[in-house]
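Worksheet for the structure shown next.
There are 2 protein chains.
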Amino acid sequence: MIFQGDCLLELKKIDNESVDLVYLDPPFFTQKKHSLKTRDNSREYSFEDTWVNIESYKNYIQERLVECKRVIKDTGSIFLHCDRTASHYLRVALDDVFSASNFQGEIVWAYKRWSNSKKGLLNSHQIIYFYSKTANFKFNKVFEGYSPTTNIDQIFQKRVRDENGKTTYKREQTGEYELTKQKMGVPLSDVWEIPYLNPKANERVGYPTQKPIILLEKIIELTTNKDDVVLDPFCGSGTTLVAATLLGRKYIGIDISIDAIELTKRRLAKPIKSHSLLLKNGKDSYLNQDKKILEILETIEAIPVQRNRGIDGFLKIRNIVKPVPIRIQRESESLDNAKDFLLRARKKSGFKFAVLIRTNSRVEETLFDLPKINEDNLLIAEGIEAFSKIKVRLESLI
Amino acid sequence: MIFQGDCLLELKKIDNESVDLVYLDPPFFTQKKHSLKTRDNSREYSFEDTWVNIESYKNYIQERLVECKRVIKDTGSIFLHCDRTASHYLRVALDDVFSASNFQGEIVWAYKRWSNSKKGLLNSHQIIYFYSKTANFKFNKVFEGYSPTTNIDQIFQKRVRDENGKTTYKREQTGEYELTKQKMGVPLSDVWEIPYLNPKANERVGYPTQKPIILLEKIIELTTNKDDVVLDPFCGSGTTLVAATLLGRKYIGIDISIDAIELTKRRLAKPIKSHSLLLKNGKDSYLNQDKKILEILETIEAIPVQRNRGIDGFLKIRNIVKPVPIRIQRESESLDNAKDFLLRARKKSGFKFAVLIRTNSRVEETLFDLPKINEDNLLIAEGIEAFSKIKVRLESLI
DNA sequence: TCCAGAGATGAATCCACCC
DNA sequence: GGGGTGGATTCATCTCTGG
């Protein structure tokens, strides 16, 4: 079900204790107008965050939280996605409405992000507060794998305390370790690394503050079962509802904007979910470079590049990365082939110079030879040692 | 300089605007007594966190923050290490004293930790608030490497906005991309993954809530230079002062406990810092399993083990890990050798059964053969397909 | 029914020792 | 002596029991 209108009014139409999970991503207290155009510029979504002060913002949220509490079942939970400038006030509101004793956790959604050049730390996380209505809340335990450093052999062993209260491993009379029967894995942490919705992801519908579906799926799976009811009073582009549908949950969505409601309906008719290769395979799968290549890059102090065809790394001079792509000739590769690859990469992205490092060179160089630049602006290092001269030469060129 | 006493009084003895950085790790609002014995049971450190209510706790902190603000230079900063149950009130206090406009960031210290069996998410982060005294605060920019998934090729390209306000990459008249001259790397994120101070670390001094030195070093390096003054009004075991010393900063430490002061002095005389291999080399360095072995483990749904000799993985049945070690016979390895390795591992840790998977077996099995258990309680699977029968058999045995 | 205190928990990871 | 691995130790814990 989807309702259009101010959620304070719309929530009043919902029965007491009829909802299992509420997820809220309320407007932020930024005192700015947000807007974003769709990719083809056909449509513009916007909303205003305007409150006279932080107290009125807190009140605005709090009176809506009261209604949320009313509609949540005794086994239900609420997740509040917070604005970083006002998260503390939102949590005070949650304490007021749901009581501090029902605080179940502070979830950190961490991601990598395009950087800006502001003074200070690069903001790369958001906070989601998790409160339950009662102590008897529904919670599906989720387990993850062990850290590679864990001594799994050992964690099966039972323990006892000695007279000082220190624990030791329990042994049977035979001297053998006493073992537990099974292990479930590591309980889900409250720090979630989920890639920020890529600006080009199919999932994107051009709505500001859109959240990744997997973030919502994770929340829904933790605290609801099939056919449970999920409510989002600020449903925006409808991510929560889409995630609920994909997981076989029922949903109620509310938003004040007619545009948002229409968008949500369109989205629900044809849900798209990006498959993040990064999440599926882990960061390591991108580390497909030969160990040898990486070692060479390290010795010449270049930074490795994992995903640009034809390029193995970029030049670094005194810890500053320069726009000079580097390729290391493969053993199985002819010089011309290597040049070709590199040249194409250089031209594609408009780099002025590029360096090719030969690893099977038979050419002898003397200390006095100057590095040569060929007609395609490639500098060819006859071996790794020859690279340092090239570095010096390049410094004067770029 | 180290002072013993309530920091509210001791702070009053410090001159106006004489400190560059304040780091506070005040007692938490846990309403409990915390204590920990040193490893040799020679000494016990403890403190109590008891306030009548959250308001009195907030006031307690706030009046100390006012003194902190007074002693901080105009270019100085303050970092407040927060309690999970009261962080929102602490931030309100910071807003009150330092003003919301001087909020510079919310740092997430994320770590992995031994778990416990609680309902809900495993708490594995702590929050540190970063406020400056004025907009003109000292900040040393720190850069990190690019993520392996970054398209480094592209970030050199300059951008312009088109008539619709969309950004596109800038091209020169020739059609070539226009490039920037250099890149520094990625600005330091506000999510810091630093291993929790390990129970076995030599750095540990037996004081409850002791923080890792590198956490403090990171903070000190961000906002101070050499010979600057670092102040910790709740210095506890003195980690902040140790970090300051190691980085050539001056320090002022205050603590109410005489024990803590003595410990701090001893520690400063002989600072010990654990060097974390995990941090230095990254988690990946522990992943030493063969790709082929990993693939086999994946097909039989076992969990891989990275650091136990003779064992490649553990049995998993319906997502539950069982105390049954598994080894996959290497190509270069005789059956007897493989058996030997596995048997030794089985006995060492007291496992009742173990499974060896042959990958070069010539033995033909029929569907009707029951898996055999040899005299050493090893079950030998003649190939990967044969494993499923063993799984069924084991389920009745364990 | 609630609170205090005892007892059980469980994986991370540094250290020390081994080869 | 250097790399690898067995072992120790912890909890700003968590749960359960009993008065």
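One line per chain: the protein sequences are S and F, in this order. Going by this note's numbering, the final residue of the first sequence carries number 398, and the count climbs one at a time with no gaps. Going by this note's numbering, the final residue of the second sequence carries number 796, and the count climbs one at a time with no gaps. Yeah, the Cβ is synthetic: ideal placement off N, Cα and C, and Gly gets one too.
Relative to the C-alpha of residue i, which residue among the options is closest?
i, options, result
"D96 (chain S)", "S:D6, S:Y131, S:I384, S:V52", "S:Y131"
"S56 (chain S)", "S:C68, S:R327, S:Y89", "S:Y89"
"V603 (chain F)", "F:R728, F:L620, F:S635", "F:S635"
"E333 (chain S)", "S:T180, S:I320, S:G310", "S:G310"
"T245 (chain S)", "S:L342, S:R346, S:L268", "S:L268"
"R330 (chain S)", "S:F98, S:E217, S:L294", "S:L294"
"L8 (chain S)", "S:F387, S:M1, S:R70, S:F28", "S:R70"
"I505 (chain F)", "S:F341, S:V191, S:L215", "S:V191"
"A736 (chain F)", "F:T578, F:K745, F:R725, F:R489", "F:R725"
"F156 (chain S)", "S:T134, S:Q182, S:R393, S:E172", "S:Q182"
"D232 (chain S)", "S:N59, S:W51, S:E67", "S:E67"
Is there a Cβ of chain S sitting closer than 8 Å to that of residue i, yes or no?
i, result
"F554 (chain F)", "yes"
"E729 (chain F)", "no"
"E504 (chain F)", "yes"
"R705 (chain F)", "yes"
"Q580 (chain F)", "yes"
"V719 (chain F)", "yes"
"D625 (chain F)", "no"
"Y443 (chain F)", "no"
"V589 (chain F)", "yes"
"Y684 (chain F)", "yes"
"H486 (chain F)", "yes"
"L754 (chain F)", "no"
"R489 (chain F)", "yes"
"K456 (chain F)", "no"
"R482 (chain F)", "yes"
To which residues of the same chain is residue i closer than 8 Å at the C-beta, ignoring the five residues directly before and after it?
i, result
"V229 (chain S)", "S18, V19, D20, L21, R249, K250, Y251, I252"
"I398 (chain S)", "K322, P323, V324, K352, F353"
"T483 (chain F)", "F426, F427, T428"
"P593 (chain F)", "Y509, K510, P610, S674, L676, L677"
Buried or exposed: where does residue i fall if 16 or more other Cβ atoms within 10 Å of its Cβ makes it buried?
i, result
"S147 (chain S)", "exposed"
"L768 (chain F)", "exposed"
"T224 (chain S)", "buried"
"L675 (chain F)", "exposed"
"V640 (chain F)", "buried"
"D15 (chain S)", "exposed"
"S285 (chain S)", "Reliability of the predicted coordinates at S285 (chain S) is poor, the pLDDT of 45 falling under 50, and the value obtained from them is presented with this limitation in mind. S285 (chain S) comes out exposed."
"L94 (chain S)", "buried"
"K598 (chain F)", "exposed"
"H401 (chain S)", "This structure gives no information on residue 401 (chain S), because the portion of chain S shown stretches from 1 to 398."
"S794 (chain F)", "exposed"
Flag residue i as yes if its beta-carbon sits less than 8 Å from any beta-carbon of chain F, otherwise no.
i, result
"V392 (chain S)", "no"
"H125 (chain S)", "yes"
"T149 (chain S)", "yes"
"Q4 (chain S)", "no"
"Y177 (chain S)", "yes"
"P187 (chain S)", "yes"
"I152 (chain S)", "yes"
"S349 (chain S)", "yes"
"K119 (chain S)", "yes"
"S77 (chain S)", "no"
"S99 (chain S)", "no"
"A110 (chain S)", "yes"
With a threshold of 7 Å, establish whether the CB of residue i neighbours any heavy atom of the ligand ATP.
i, result
"K372 (chain S)", "Looking for the ligand ATP in the displayed structure turns up nothing, as the structure carries no ligands at all."
Which same chain residues end up closer than 6 Å to residue i when comparing Cβ atoms and leaving out the 5 residues on each side of it in sequence?
i, result
"N288 (chain S)", "Note on N288 (chain S): pLDDT 43, under 50, position unreliable in the model; no value is reported."
"F79 (chain S)", "Y23, I128, F130, I219"
"S77 (chain S)", "L21, S132, F137, T223"
"K260 (chain S)", "Reading the sequence as shown, one finds Ala at residue 260 (chain S) and not Lys. Excluding positions up to five away in sequence, the list reads G236."
"K58 (chain S)", "Y89, A93"
"L740 (chain F)", "G708, R725, A752, L754"
"L216 (chain S)", "T239, T240, A243"
For residue i, I'd like the list of residues in its chain whose CB is within less than 7 Å of its CB, leaving aside the five on either flank, ordered along the chain.
i, result
"L222 (chain S)", "F139, N140, V142"
"M582 (chain F)", "F541"
Checklist entry - Which parts of the stretch 469 to 509 of chain F are runs of the beta strand (DSSP E), unbroken and 3 residues or longer, counting only runs that do not cross its ends? => result 470 to 479, 501 to 508
Item to check | Secondary structure, beta strand (DSSP E): runs of 3+ residues fully inside the stretch 146 to 234 of chain S | outcome: 159 to 161, 167 to 169, 191 to 193, 229 to 232
Next on the checklist: Restricting to runs no shorter than 4 residues, where is the alpha helix (DSSP H) found entirely within the stretch 708 to 795 of chain F?
Outcome noted: 733 to 747, 785 to 795
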